[in-house]
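There are 2 protein chains.
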Amino acid sequence: MTLTGRKPTLAAIARLTGVSTPTVSKVVNGREDVAAETRAKVLAALEEAGYESPAHRRTTRRTAVVEVAFDAINSNYASALLDGILAQAAAMGVEVVLSVTGSVPAAGIDLERRAQRTVDEERSGIIVVTSAFTGSHLAAFHRRRVPVVVIDPLNPPPSDVVSVGATNWAGGKAAAEHLLDLGHRRIAYLGGPESAECSQARLHGYFSALMSRGVEVDPRLVRHGRFRVEDGVEGLTGLLALDERPTAIFAGSDAIAVGVLREARQRRIHVPEELSLVGFDGTALAEDSVPALTSVAQPLHDMGRTALRTLLRQARGEQLDSHRVELATQLVVRESTAPAPA
Amino acid sequence: MTLTGRKPTLAAIARLTGVSTPTVSKVVNGREDVAAETRAKVLAALEEAGYESPAHRRTTRRTAVVEVAFDAINSNYASALLDGILAQAAAMGVEVVLSVTGSVPAAGIDLERRAQRTVDEERSGIIVVTSAFTGSHLAAFHRRRVPVVVIDPLNPPPSDVVSVGATNWAGGKAAAEHLLDLGHRRIAYLGGPESAECSQARLHGYFSALMSRGVEVDPRLVRHGRFRVEDGVEGLTGLLALDERPTAIFAGSDAIAVGVLREARQRRIHVPEELSLVGFDGTALAEDSVPALTSVAQPLHDMGRTALRTLLRQARGEQLDSHRVELATQLVVRESTAPAPA
DNA sequence: TGTCCCTAGCGAAATTCTTTCGAAAGTCAG
DNA sequence: CTGACTTTCGAAAGAATTTCGCTAGGGACA
């Protein structure tokens, strides 16, 4: 059975599915008193018939709205991404609803409500940034067909989630190679969360560089943190406790590198004479620190722009070329790296 | 004639005004084919009866939404404020629509549309942060009865606009007094835009401190910029060109101070031995710079929270105690200030 | 096992709102 | 004055929603 042309009405859908008109109305309006099975059947028919409620037709938004969820925004990394997202949003006439999740995201039930709200308010989708959203959290959005784009996921996302990032592996490799070229052999890595894909990729780029030069990887030289200044402080402290100290450190973020610098200054360790240091991100932090940080710059602004563009493309139902977009990183050499001490 | 209790329906309004139900429906939905006179009559009756369309009832927002407009967000100052706004928003279950205006705000016509949208979308109001919104821009919102709260206005706002800030005058006084206590007499001020109230207040706090100690104010030692790092660089360059150089600088923001530090390092001028430096804001920038900046800390996080709270109070129609809220600043002494060279 | 009561799920009927379409009244050129 | 057009409105039909009561399937309990 199928519809005989015409714009679909509730009554038509009702006939099609063998329920009453009121029941269809209830499904459309999200009432509770409809069995899950019946709801599913009706929703399928609605979908197939392309039904649009008159309220929906009326409300048709003049300006699209997207949601953006950050773990935290008090970092140059977050500011730069946000700046890119907002710039693109302004260019495309889209509004941005911003929220911070904190490292512990809302409980499941809350998350469900939030995802539902995104649907109710007819928002185009959500951009999730280095947030502790797990796969199951993302599923709440996925179930409701809400487009999601993740920037630098902290937890490995389901394979079908669209993500935007940088060439972290290549960046890690470039950083390590730069240090190797300067004659360093004991090179430590102070990274972000072990589960974070971006940090993982940087680590493996670093591994790759070491191995291709025949330098053995010492697991004691690899430490994980949370990309914060304090992690750099603690990281350096830990590394100095080793029998054989590293002569160079590759930090997984500029913030970590700043922490290393702070602790090094405290201990009267001269950078770069006694210790070379490479950061990651290429934010203003790298430029303003003393000494200025050699850092692997990520195109954070462009990543933000790309994320928004991708999200809207997804929302429009366009087929995406790839579920993963990586923008190029670039090693910027400043003053914090020097030849290894003899 | 009046309504006999009950929730008002279109039919009731129609009887009341002596037109047909369809005509009332058309007025409610803003159709064109209704005479202006009839429309006015019906609207009046709708207003009086307190009619709400079912669509409207449905749409009645569960969560309030506020708009936040920043000049730019790529600064620690902006991040900290935003963080506070978002924290309070999360606590109160309010959503935040964020946008950046850029230093040149949208043209008048666009601004009008934007203000209208705030009304259409039934948003609670707007928080404007150090933005180049002028009085006439704010008027667009004011005309529509949209609550506005301004944080650190760049242009003097109309007197009836609610604003949140810090005790800038006291902060400027404290900074200058600290330097005077260290024996400095030639103290420069590198501030923000001349029209910015917050910068003005800091400057006058500085004047006050100097004058109460009987130190003459040298107008050549006062320079204005835009709170950016570059303004610090240029500011110091300009000051060094003077016959008699200052021995201390009071910077209107930490970013300016960082610029001063950068230029000083470039020129091999030692801070604080040869030049003392006080910043303003007390952001992470102050803590991480070398030497760590003595700075007047603003409670940016709390200012953000207060702004949102105030806005919502205004939106609820509560009477505000004051059109101006100032939170206390605090001088934090670190390493960038020392006794004046002999 | 039977009885009672409760609840979830559904639809008939009534109510409310919207749209279509044609009629009445006004306007204007010729 | 006439005919063509426009504006404004409402009758009637159509669409969507709400109310309210029915029914069936489950416990709880004697």
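Chains as they are written, first to last, in full-length UniProt numbering: chain A, 1 to 342; chain B, 1 to 342.
Even glycine gets a Cβ: it sits at the ideal position worked out from N, Cα and C.
The structure displayed is predicted, hence computed values, not measured ones.
Span separating the alpha-carbon of residue i from that of residue j
i      : j      : result
V28/A  : P158/A : 30 Å
V24/A  : A45/A  : 10 Å
R15/B  : T38/B  : 13 Å
M1/A   : T63/B  : No answer about M1/A holds up, because its pLDDT of 43 lies below 50 and its placement is not dependable.
L242/B : T130/A : 49 Å
R202/B : W169/B : 5 Å
H224/A : V128/A : 22 Å
E121/A : T329/A : 37 Å
N76/A  : P272/B : 27 Å
A69/A  : V97/A  : 8 Å
A90/B  : G165/B : 22 Å
A255/B : L43/A  : 55 Å
L10/B  : R316/B : 28 Å
L138/B : V148/B : 8 Å
G108/B : E230/A : Caution applies to G108/B, whose pLDDT of 43 falls short of 50 and renders its modelled position unreliable; the model cannot decide the point.
E274/A : H270/B : 23 Å
L180/A : V260/A : 20 Å
E95/B  : P339/A : 51 Å
G125/B : L320/B : 15 Å
R262/B : A284/A : 13 Å
S322/B : T310/B : 10 Å
R324/A : P153/A : 11 Å
V222/A : A286/B : 30 Å
D83/B  : A264/A : 30 Å
G5/B   : G30/B  : Reliability fails at G5/B, whose pLDDT of 47 lies under 50, so the model's placement of it is uncertain and no value is given.
N155/B : P291/B : 33 Å
G192/A : E326/A : 19 Å
L312/A : F133/B : 30 Å
E234/B : R228/B : 10 Å
Endpoints, alpha helix (DSSP H) assigned at residue i
i      : result
L43/B  : 36-49
S208/B : 197-212
V258/A : 254-266
S25/B  : 21-28
S79/B  : 76-92
I13/A  : 10-17
E318/B : Looking at the DSSP string, E318/B is not in any alpha helix (DSSP H), and its letter there is neither H nor E.
L182/B : First-last for L182/B: undefined, no H or E at that position.
E287/B : 284-288
Neighbourhood of residue i by C-beta distance below 6 Å, restricted to the same chain and skipping five residues each side
i      : result
A106/A : Residue confidence for A106/A is low, a pLDDT of 48 falling below 50, so the modelled location carries little weight; the figure read from the coordinates is stated next. Nothing meets the Cβ criterion.
V333/A : T294
S99/B  : A69
T21/B  : L10, A11, A14
V34/A  : K26, V27
E335/A : P291, A292
S208/B : K173
Beta bridge counterpart(s) of residue i as assigned by DSSP
i      : result
Q330/A : A297/A
S99/B  : A69/B
A251/B : L190/B
V164/A : I151/A, V325/A
R223/B : L190/B
Endpoints, beta strand (DSSP E) assigned at residue i
i             : result
D281/A        : 276-281
residue 368/A : The structure shown does not extend to residue 368/A, since chain A spans only 1 to 342, so no value can be given for it.
R245/A        : No beta strand (DSSP E) holds R245/A; DSSP gives it neither H nor E.
Same chain, Cβ closer than 7 Å to residue i, neighbours up to 5 away in sequence not counted
i      : result
Y51/A  : P8, I13
E244/A : R186
Q298/A : A166, D281, G282, T329
L182/B : S276, T337, A338, P339, A340
A251/A : L190, G232, A257, V260, L277, V278, G279, F280
A36/A  : none
Nonlocal neighbours in the same chain, by C-beta distance under 8 Å from residue i, ignoring five residues either side
i      : result
A49/B  : L3, P8, A12, I13, L16
R58/A  : Reliability of the predicted coordinates at R58/A is poor, the pLDDT of 46 falling under 50, and the value obtained from them is presented with this limitation in mind. No residues qualify anywhere along the chain.
P341/A : T247, E273, E274
T118/A : E67, G125, I126, F141, R144, V146
I151/A : L81, I127, V128, V129, T130, S163, V164, G165, M303, G304, A307
H204/A : W169, G172
M211/A : V217
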